[in-house]
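Here the sequence shown is numbered in the numbering used here, starting from -13 and rising by one per residue.
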Amino acid sequence: MLVGLTGNIGSGKTTVLGLFEALGARVISADEIVGRLLGEEDIRTQIRAALGSDVFSVDGSLDKKKTAKVVFDNEGLRRKLEGIVHPAVMGEIKQFALPNEVTIAEIPLLFEGGFTGEVNVVVTVTAPKEIVYERLRGKLSAEDITKRLACQIPDEQKAASSDFVIINATDIASTRQQVKEIYQLLKLRHRRNV
């Protein structure tokens, strides 16, 4: 069973993924896959053709800050970048998932990329906006956070289309309990379908 774990920026998806892993779940992160893919010459060549050479550092690596500036100011370029990276990421996730286990895949843009049909279950992590801004302060400016959130489907829409929703506010014990309950239900559902 492949479970897509998603949520908007600053919702705490990585924390939730770690909680699933601590319970024994098989886990994988799309962000880690992206980091690896960006080291592949073929992917870098496609990105250079789509976005130009200005988003690369002198050593040939992708400059994430420059890339973010370009793609979050230009929807067309953002979609081109996503069209290069997302299918490759989903391919790796599907190879990693095992049919006899519950696999939790952290996929930030599951809805935006149109990949909900590629997973068996959708779990969305949400957090109140003020907590999101607080979590990201120091990493991004308020303007950058707002730009990124504007590119993502609102929490309410994602929650309405999800099988499970985890509210990840400030109480980690509450988040841990929600994860535990959902994981038990996922294992039960998986056993019924095997």
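Glycine included, each C-beta is placed from N, C-alpha and C at the ideal position.
On the DSSP bridge assignment, give the partners of Ala91 in chain order.
For the purposes of this step, residue 91 is identified with residue 105 of the sequence shown, where counting begins at 1. For Ala91, which the question treats as bridged, DSSP gives the partners Gly(-10) and Ile14.
Considering only C-alpha positions, which residue in the set Asp157, Val41, Arg178 and Thr53 is nearest to Gly(-2)?
Against the sequence shown, residue -2 aligns to sequence position 12. When only C-alpha atoms are compared, the closest one is Asp157.
Residue interval of the alpha helix (DSSP H) (run including Thr132):
The count along the sequence shown starts at 1 and reaches residue 132 at position 146. Start and end: Ala128 to Ala136.
Can you give the beta carbon distance from Ile90 to Val20, rounded, assuming they're within the 8 Å contact cut?
Along the sequence shown, one-based indexing puts residue 90 at 104. Along the sequence shown, one-based indexing puts residue 20 at 34. So it is not a contact: roughly 17 Å between Cβ atoms.
If the criterion is Cβ atoms closer than 8 Å, does the pair Leu3 and Thr161 meet it?
Here the question's residue 3 lines up with position 17 in the sequence shown. Here the question's residue 161 lines up with position 175 in the sequence shown. No.
Distance, Met(-13) Cα to Asn86 Cα
The residue given as residue 86 occupies position 100 in the sequence shown. The residue given as residue -13 occupies position 1 in the sequence shown. Cα-Cα distance, rounded: 7 Å.
Measure the C-alpha to C-alpha separation of Asn106 and Arg178 and round it to an integer number of angstroms.
As a first step, residue 106 must be located in the sequence shown, where it is residue number 120. As a first step, residue 178 must be located in the sequence shown, where it is residue number 192. Roughly 13 Å separates the two Cα atoms.
What residue ranges within the segment 58 to 126 form continuous beta strand (DSSP E) runs of no fewer than 3 residues, ordered along the chain?
89 to 92 and 107 to 112
Should Gln81 go down as buried or exposed, given a rule of 16 or more other Cβ atoms within 10 Å for buried?
Along the sequence shown, read from residue 1 onward, the residue named residue 81 stands at position 95. Under this definition Gln81 is an exposed residue.
DSSP three-state label for Ile(-5), please.
One-based indexing of the sequence shown puts residue -5 at position 9. Reduced to three states, the DSSP call for Ile(-5) is coil.
Along the chain, where does the beta strand (DSSP E) that runs through Val151 open and close?
The residue you call residue 151 lines up with position 165 of the sequence shown. Taken as a continuous stretch (DSSP letters only), the beta strand (DSSP E) holding Val151 covers Phe150 to Ile153.
From what residue to what residue does the alpha helix (DSSP H) around Val165 run?
In the sequence shown, counting from the first residue as 1, residue 165 sits at position 179. Residues Ile158 to Asn179.
DSSP-derived helix/strand/coil call for Leu48
The residue you call residue 48 lines up with position 62 of the sequence shown. Of the three classes helix, strand and coil, the one that applies to Leu48 here is strand, per DSSP.
Compare the C-alpha of Asp17 against each of Glu167, Arg64, Val109 and Glu92 and name the closest.
Walking along the sequence shown from the start, residue 17 turns up at place 31. Checked all of Glu167, Arg64, Val109 and Glu92; the closest Cα to Asp17 is Glu92.
Within 10 angstroms of the Cβ of Asn60, are there 16 or more other Cβ atoms? Answer buried if so, exposed if not.
Within the sequence shown, the letter at position 74 stands for residue 60. With fewer than 16 other Cβ atoms within 10 Å, it is exposed.
Taking the continuous alpha helix (DSSP H) assigned at Glu27, which residues delimit it?
The residue labelled residue 27 in the question sits at position 41 within the sequence shown. Unbroken alpha helix (DSSP H) run through Glu27: Glu27 to Leu37.
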